[in-house]
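All residue numbers for the sequence shown refer to this note's numbering, where the first residue is 8 and numbers rise by one. All C-beta atoms in this analysis are idealised placements derived from N, C-alpha and C, irrespective of residue type, glycine included. Some notes on the structure that comes next.
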Amino acid sequence: MKFYRYEDVNYFEGLVRIHKRVLHLVRETPKGYWISANPNYKENTYSKLYRYRKRWISKTSRKRYAYPTQEEAMVSFVARKRRQVGIYQERLEQAEKAWRQGRAKLENMDGQRSDTNGRAPALRLY
């Protein structure tokens, strides 16, 4: 039995590609599956490597690491990326607010300091 997970990979100059990972069933339990990227998984020192370690996924959970069909895996990928976009948009809005506030405070400091003769005030490191 195979499981699938889609992941985005960022290359140089903003090039992004979607890669499909195929994971293989190691063992089935009553509540879930043990899966691994290595089709011939065996418990040994080599299997402890992060890339080939086994992972447990539930049969009933709403969100899983990998799915038994490619369609379910792509639906999960789209949902993860939609959530990621929302998180980064919120972070961008917060950073822009802080940037505007800092710029306004800097302009107020420039107006209060007439001894700078039009130059930017020296930075104070405290």
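Taking only the alpha-carbon atoms, compute the straight-line gap between F10 and L30 and give it to the nearest angstrom. Indexing the sequence shown from 1 puts residue 10 at position 3. Indexing the sequence shown from 1 puts residue 30 at position 23. Approximately 5 Å between the Cα atoms of the pair.
Which first and last residues belong to the beta strand (DSSP E) in which S65 is found? As a position in the sequence shown, residue 65 is number 58, starting the count at 1. Run containing S65: R62 to S65, per the beta strand (DSSP E) assignment.
For E14 and R90, I'd like the C-alpha separation in whole angstroms. On the sequence shown, position 7 is the one that residue 14 refers to. On the sequence shown, position 83 is the one that residue 90 refers to. The straight-line gap from Cα to Cα measures roughly 14 Å.
Give the DSSP-derived three-state secondary structure of Y95 in the structure shown. In the sequence shown, counting from the first residue as 1, residue 95 sits at position 88. Note: Y95 maps to helix in three-state DSSP.
Nearest by alpha-carbon distance to M8: which of Q77, V16, R24 and N115 is it? Within the sequence shown, numbered from 1, the residue matching residue 8 stands at position 1. Of the listed residues, the one whose Cα sits closest to M8 is Q77.
DSSP state of R28 mapped onto helix, strand, coil: Counting from one through the sequence shown, the residue named residue 28 turns up at place 21. Three-state DSSP puts R28 in a strand.
Considering K9, what are the terminal residues of the beta strand (DSSP E) in which it resides? The sequence position of residue 9 within the sequence shown is 2, counting from 1. Here the beta strand (DSSP E) through K9 covers K9 to N17.
So, helix, strand or coil for R34, using DSSP? Here residue 34 corresponds to residue number 27 of the sequence shown, with the count starting at 1. DSSP places R34 in strand when its eight states are reduced to three.
Helix or strand or just coil, what does DSSP make of S43? Here residue 43 is taken as the residue at index 36 of the sequence shown, counted from 1. Of the three classes helix, strand and coil, the one that applies to S43 here is strand, per DSSP.
For S65 and A73, I'd like the C-alpha separation in whole angstroms. For the purposes of this step, residue 65 is taken as residue 58 along the sequence shown, with counting starting at 1. For the purposes of this step, residue 73 is taken as residue 66 along the sequence shown, with counting starting at 1. If I take the Cα positions, the gap works out to 10 Å.
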